[in-house]
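Number of protein chains: 2
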Amino acid sequence: MNRRNTPTKEAVLNLLSNSKKALSQDAIEKQLDIKINRATIYRVLNRFCEDDMVHRIVAEDGKQYFAICKKCEKPEDVQYHFHFRCLSCDTIECLQVPVNYAVPNGYQVQSANCVLTGTCSDCSQAVG
Amino acid sequence: MNRRNTPTKEAVLNLLSNSKKALSQDAIEKQLDIKINRATIYRVLNRFCEDDMVHRIVAEDGKQYFAICKKCEKPEDVQYHFHFRCLSCDTIECLQVPVNYAVPNGYQVQSANCVLTGTCSDCSQAVG
DNA sequence: CATTTATTGCGAATAAGTTGCAATAATACA
DNA sequence: TGTATTATTGCAACTTATTCGCAATAAATG
C-alpha cells in the first residue's frame, strides 16, 4: 500500500500547512481551488492521519477537524496539546498548552482529545 | 417552561444515577425496561443538561455520552475533569482527575471537553 | 510503453441527532 | 374533583457527517 502523489493530496496538504486553524472537510472543500469530491477529501485526510502527518480533533459539535501544527513536528516534547474552539468565529486552533494528566493505576492512555470552547483572543478584543 | 415529572424522565435519571459509566442515547434505550422513543430520550437528556443535572461528553467517535457524577455536585471544586474512553469495553467514565490549563491572554473558556482514550484498569488487568 | 494497483468520483448507505406536528398527560387552579 | 393549560411524548421525516462499494482513472515501476 505505497502512497502516491496526486494533485488532490498536494492541494489538501498545502491548505493545511498554510492554515493557522484546524479545518473540517467542509472548510477544506470550500477553500480549495480545485473541486474535489467529499469522500476523497475524507480519504486523503484519513491517510494523512494514518501516516501521522496530520492530527484529528473531534470538537463538541461532534465534527472532525484536521490540523498540522509546529508542535506535531516534535511529538516527544508535547505529545498532546489543548485545542480551542471559538464559538464566535467558529474555528478551532491548536494551543501551545500541553495536556497534563495523571491517570489512576492501570489505565493506559493511547490518545487524548481535549478541546476548550469559548471565545478566542481575536473575538474577545473585537467586542471593546 | 416549567418542568414536569414523567415516568420517562424518572427512568432515565435513575439509570444515569446508578450507572458508573457515561451513557449514550443508544445505551440508555437498550438498558431501559420501558420502551422510550429515541427522540424523547434525546430531549430528556438535553433538558437535564440545560438544568445542569447531567453533563455531556463528546468522545472521539463523535458521539454524545451523558453522565451524572459525584464531582458534578460540587462544581466549584472540580469544574472540569477528564473522561476516559476504553476501547476494549467500549465505555466512557468520569475520572477524578481535574483538567488544568492556562490559556493565552484574551481567551475565554466557557466549557471543556477532555477525553483520554485507551484501556481502562479493568481491561488492562484482564490481559494478565 | 505496458502493467500494477493506489486513488478518485459517484451514488448510496449508515448513523447520530433534531424537528414538526398531532396526541397525550402532568400540573395548577377553580 | 373536574377542567384548562401547556409540557411532554411518539412518530415520521429530515439534516448532517462520514463511510463504503464499485467502476474508472492515473501514478509509479520496470
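Sequence lines, in order, name chains A and B.
Residues in the first sequence are numbered from 1 upward in steps of one, following our numbering.
Residues in the second sequence are numbered from 1001 upward in steps of one, following our numbering.
Think of the CB as a built atom: it goes at the ideal place given N, C-alpha and C, for glycine as much as any other residue.
Here T1040(B) carries a helix assignment [DSSP, helix/strand/coil]. If you draw a straight line from the Cα of N5(A) to the Cα of V1044(B), it is about 49 Å long. Per DSSP, the continuous beta strand (DSSP E) segment holding E1093(B) begins and ends at T1091 to P1098. The beta carbons of G62(A) and V1058(B) sit closer together than 9 Å. A straight line joining the alpha-carbon of E1029(B) with that of A1039(B) spans about 11 Å. With a cutoff of 9 Å on beta-carbon distance, L116(A) and Y65(A) are scored as not near each other. No Cβ-Cβ contact shorter than 9 Å links C1120(B) with C1069(B).
Under the 9 Å criterion on CB atoms, A1027(B) is classed as non-interfacial with respect to chain A.
Considering only beta carbons, the part of the region 1088-1108 of chain B lying closer than 8 Å to chain A consists of L1095, Q1096, V1097, V1099, N1100, Y1101, A1102, V1103, P1104, N1105, G1106, Y1107 and Q1108, in chain order.
A straight-line Cα-Cα distance of about 34 Å links M1001(B) and T1091(B). Within chain B, no C-beta atom comes nearer than 7 Å to that of T8(A); the closest sits roughly 24 Å away. Within the region 1012-1069 of chain B, complete beta strand (DSSP E) segments of at least 3 residues are found at 1055-1058 and 1064-1067, given in chain order. By the neighbour-count definition (other C-beta atoms within 10 Å, threshold 16), Q25(A) is a buried residue. In the same chain as K21(A), and ignoring 5 residues on each side of it, the C-beta atoms closer than 7 Å to its own belong to T91, I92 and E93, in chain order. The criterion of a C-beta distance shorter than 9 Å is not satisfied by V1099(B) and P104(A). By the criterion of a C-beta distance shorter than 6 Å, D1122(B) is surrounded by no residue of its chain, once the five residues flanking it on both sides are discounted. Distance from the CA atom of Q1031(B) to the CA atom of L1015(B), rounded to whole angstroms, is 8 Å.
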